[in-house]
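Peer 1: Line by line, the protein sequences give chains A and B. For the first sequence, the working numbering assigns the number 1 to the initial residue and increments by one for each residue that follows. For the second sequence, the working numbering assigns the number 1001 to the initial residue and increments by one for each residue that follows. Don't be surprised by glycine CBs; every beta carbon is placed ideally from N, CA and C.
2 protein chains.
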Amino acid sequence: MFEPLSLGLSKRVRKLQQKREREATGLFVAEGPGAVVAAVKNGELEFVIVGEDVVGPVRGLAEHASGYGITVYEATSTAIEQLSESRTPQGILGIARRPQFELAQVVDKSSSLVVVLEEARDPGNVGTIIRTADAAGADAVVLAGESVDPFNAKAVRSSAGSVFNIPVVTDVSTSAVVDHLGSLSIKTVATSLTGDTDLYDSEFLHSLQDPVAWFFGNEAHGLSKEVEAALNQRVLLPIYGQAESLNLAISTGICLYTTLQARS
Amino acid sequence: MFEPLSLGLSKRVRKLQQKREREATGLFVAEGPGAVVAAVKNGELEFVIVGEDVVGPVRGLAEHASGYGITVYEATSTAIEQLSESRTPQGILGIARRPQFELAQVVDKSSSLVVVLEEARDPGNVGTIIRTADAAGADAVVLAGESVDPFNAKAVRSSAGSVFNIPVVTDVSTSAVVDHLGSLSIKTVATSLTGDTDLYDSEFLHSLQDPVAWFFGNEAHGLSKEVEAALNQRVLLPIYGQAESLNLAISTGICLYTTLQARS
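(1) Of the choices A:VAL106, A:VAL227, A:THR194, whose alpha-carbon is the least far from that of THR170 of chain A?
(2) From this set, A:LEU260, A:SER175, A:CYS255, A:ASP196, which residue's C-alpha is nearest ALA227 of chain A's C-alpha?
(3) Suppose contacts are defined by Cβ-Cβ distances below 7 Å. Is SER86 of chain A in contact with ALA120 of chain A by that definition?
(4) With DSSP as the reference, label ILE70 of chain A as helix, strand or coil.
(5) For a test of the three-state rule: what should DSSP assign to GLU118 of chain A, helix, strand or coil?
(6) Per DSSP, which one or two residues make a beta bridge with GLN1233 of chain B?
(7) Under 7 Å, Cβ to Cβ, is there at least one residue of chain B near ILE250 of chain A?
(8) Going by C-alpha distance, which of B:PRO1004, B:LEU1260, B:GLY1034 is nearest GLN1209 of chain B?
(9) Assuming GLN1242 of chain B contacts ASP134 of chain A under a Cβ cut-off of 8 Å, what Cβ separation, rounded to an integer in Å, is found between them?
(10) Answer yes or no: do ALA1155 of chain B and VAL1177 of chain B have a C-beta to C-beta separation smaller than 7 Å?
(11) Can you list, in chain order, the residues of its chain whose CB lies under 6 Å from that of ILE186 of chain A, leaving out five sequence neighbours each side?
(12) Are the beta-carbon atoms belonging to ILE239 of chain A and TYR1257 of chain B less than 7 Å from one another?
(13) By DSSP, does GLY1051 of chain B sit in helix, in strand, or in coil?
(14) For THR128 of chain A and GLY1043 of chain B, what's the separation of their Cα atoms in angstroms?
(15) Answer yes or no: does any C-beta atom of chain D fall closer than 7 Å to that of SER1264 of chain B?
(16) For the alpha helix (DSSP H) holding VAL36 of chain A, just list the boundary residues, first then last.
(17) Looking at LEU1231 of chain B and ALA1190 of chain B, is the spacing between their C-beta atoms short of 7 Å?
(18) Between A:VAL37, A:PHE28, A:LEU9, A:SER251, which lies nearest to SER192 of chain A when the distance is taken from Cα to Cα?
(19) Would you report the Cα separation of VAL1040 of chain B and LYS1015 of chain B, rounded to the nearest angstrom?
(20) How about ALA160 of chain A and GLY34 of chain A: are their beta carbons less than 7 Å apart?
(21) What residue ranges within the stretch 1093 to 1180 of chain B form continuous beta strand (DSSP E) runs of no fewer than 3 residues, ordered along the chain?
(22) Using the C-alpha atoms, what's the distance from ILE1049 of chain B back to PRO1004 of chain B?
(23) Indicate whether ILE92 of chain A and VAL36 of chain A have their beta-carbon atoms separated by less than 7 Å.
(24) Mind checking whether the beta-carbon of ASN1218 of chain B lies closer than 6 Å to any heavy atom of the ligand SAM?
(25) For LEU256 of chain A, which three-state DSSP category applies?
(26) Beta carbons nearer than 7 Å to chain B: which residues of the stretch 209 to 223 of chain A have them?
(27) Take ASP1139 of chain B as the anchor and find which of B:THR1197, B:HIS1064, B:SER1111 has the nearest alpha-carbon.
(28) Under DSSP, the alpha helix (DSSP H) around PHE204 of chain A begins and ends at which residues?
(29) Can you tell me the Cβ-Cβ gap for ALA1079 of chain B and SER1010 of chain B, rounded? I've got them flagged as a contact below 8 Å.
(30) Measuring only the C-alpha atoms, how far is SER173 of chain A from LEU199 of chain A?
(31) Beta carbons nearer than 7 Å to chain A: which residues of the stretch 1165 to 1177 of chain B have them?
(32) Tell me, please, which residues DSSP counts as bridged to LEU1045 of chain B.
(33) Tell me which same chain residues have a C-beta within less than 6 Å of the C-beta of ALA75 of chain A, skipping the five on either side of it?
(34) Can you say whether ARG20 of chain A is buried or exposed, counting buried as having 16 or more other CB atoms within 10 angstroms of its CB?
(35) Taking the continuous alpha helix (DSSP H) assigned at ALA1024 of chain B, which residues delimit it?
(36) When DSSP labels each residue in this structure, what does PRO4 of chain A get in the three-state scheme?
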């Protein structure tokens, strides 16, 4: 019922493991049932590859995609493993179109919650932050500077489908982002070890009712000093134990949900 | 100045990649400078292995450990790569004693914030949660049921040294944990998609002033129904966007920091 996967197409899909190839083709691989469901829902799916030995709900998902007019190719489990970048392939891959957004298109006068990551390098972190920003109902995630590609297989997997739900802006300099947010009067805030205000300061919490963009820096060295200085406010995310800092994605989750609590 | 690493010792260290061997010997591998510093600080270090080509601060760290009377072995970079479970070995490994804690020893009448994970399987998540619990000043992390070993290399790395800072209890059944917390009148709470109270409900936030133990379930299927039903309260962690749920470690971060904010 499904078409067999040709060697030529298999090679083309394999090439999508490279960032350059994803950018040149505008395609990327969404691995696993969750990502494929999200891609179908968002109409971004180009074609599907399913393991010939796959049964049950995953096969049902391939049939569902086929019912939507999407071509489904069948491959051996060995071929699926070769195409998969996950250690535990789940028998289904979606080849999807990469959504493209310009900053001004998704961050405008109506935006109330924006996440900006400067030079984030860990794809797992970036995917988790995209998922968290989606859950928090943020307007967009902006990956400024030399950040990791959000359509990298691990980032897509960590996003659990959210890469299809929330606009992710790439290829923009941090200073252009700061300027754009300034022109919209969206308050820019970062957590900082040398912050002058506590995250839970009542006046600061009150100020979170207004539109805000939260900035987070690189996993190892944080935000650059120039960017930190250019923002409206630097707050201290309190550490009560012996840990030196929090994981980047955890900090993002706490700041976004603190914002939502302040607005609730 | 350092001793050469013998083949026999190298083999013994390599075996520590297996959980069974870690349990039999009470030892585990702390990879990278951060983990080695934390192990030195906590007096848990058995010996150190450093790359012979390593220079700068990492070599300084090996010399520092040596100054404390800890034996330092030198190995080729190839040997370091073979012993390392990280894709980016950082030239130094500490072989550390596994801290052991009994539940009743670390969760008692004086405890005010406890994290309980039931059947957590992802070592990256478990390490990040240990780091977050440490940052939040929690009293202990309890890994109940068949959870992943917190002394697995990836969990140790994700904990960024916190595995040495906060007591982690393993090998205990979830029901024993619920009973123990009940006997201490520590309130037991879980997030649940079918929660009856919102996390940000003002009465609930007020109740967080009292000692609380936060329960989180397995990444894929959450807490078991029986455990969920046995807890004092189930709260809804609100989702404002299209994401179906939050990552386990992110949920933990939000709940712990919401507790701290309620107490501040």
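Peer 2: On the basis of the supplied data:
(1) Comparing Cα-Cα distances from THR170 of chain A to each of A:VAL106, A:VAL227, A:THR194, the minimum goes to A:VAL106.
(2) The sequence given here places Val at residue 227 of chain A; Ala does not occur at that position. When each option's Cα is compared against that of VAL227 of chain A, the closest is A:SER175.
(3) Taking 7 Å as the cut-off, the Cβ atoms of SER86 of chain A and ALA120 of chain A do not count as close.
(4) The answer is coil: DSSP assigns ILE70 of chain A none of H, G, I, E or B.
(5) In this structure, GLU118 of chain A counts as strand in the three-state DSSP scheme.
(6) As computed with DSSP, GLN1233 of chain B is found in a beta bridge with B:VAL1189.
(7) For ILE250 of chain A, the nearest CB of chain B lies under 7 Å from its own CB, placing it at the interface with that chain.
(8) Residue B:LEU1260 is the option with its Cα nearest to GLN1209 of chain B.
(9) Contact holds; Cβ gap of about 6 Å.
(10) Their beta carbons are not under 7 Å apart, which means ALA1155 of chain B does not touch VAL1177 of chain B by this criterion.
(11) If we look at ILE186 of chain A and ignore the five residues flanking it on each side, its Cβ neighbours are PRO211, ALA213.
(12) In this structure, ILE239 of chain A lies away from TYR1257 of chain B, with their beta-carbon atoms at least 7 Å apart.
(13) Residue state, collapsed to three classes: strand.
(14) Going from the Cα of THR128 of chain A to the Cα of GLY1043 of chain B covers about 34 Å.
(15) Protein chains in the displayed structure are A and B, and chain D is not among them.
(16) If you look at VAL36 of chain A, you'll find it in the alpha helix (DSSP H) that goes 32 to 41.
(17) The beta carbons of ALA1190 of chain B and LEU1231 of chain B sit closer together than 7 Å.
(18) It is A:SER251 whose Cα lies nearest to the Cα of SER192 of chain A.
(19) One C-alpha to the other measures close to 22 Å.
(20) For ALA160 of chain A and GLY34 of chain A, yes; Cβs fall inside 7 Å.
(21) Runs found: 1113 to 1118, 1140 to 1144, 1168 to 1172.
(22) The alpha-carbon atoms of PRO1004 of chain B and ILE1049 of chain B are separated by roughly 9 Å.
(23) Contact flag set, yes.
(24) As presented, the structure is devoid of all ligands, the ligand SAM included, so that no description of it is given.
(25) When DSSP states are grouped into helix, strand and coil, LEU256 of chain A belongs to the helix group.
(26) Residues passing the 7 Å Cβ filter: none.
(27) When B:THR1197, B:HIS1064, B:SER1111 are compared, the shortest CA-CA separation from ASP1139 of chain B is found for B:SER1111.
(28) First-last of the alpha helix (DSSP H) with PHE204 of chain A: 202 to 207.
(29) Between SER1010 of chain B and ALA1079 of chain B the Cβ distance is about 6 Å, and since that is below 8 Å, they are a contact.
(30) The alpha-carbon atoms of SER173 of chain A and LEU199 of chain A are separated by roughly 27 Å.
(31) Against chain A - using a Cβ distance shorter than 7 Å - the residues of the stretch 1165 to 1177 of chain B are ASN1165, ILE1166.
(32) Paired residue(s): B:ALA1096.
(33) Within the same chain, ALA75 of chain A has close Cβ partners LEU5, ILE49.
(34) With fewer than 16 other Cβ atoms within 10 Å, it is exposed.
(35) Boundaries of the alpha helix (DSSP H) harbouring ALA1024 of chain B: 1019 to 1025, taken from the DSSP string.
(36) Strand at PRO4 of chain A.
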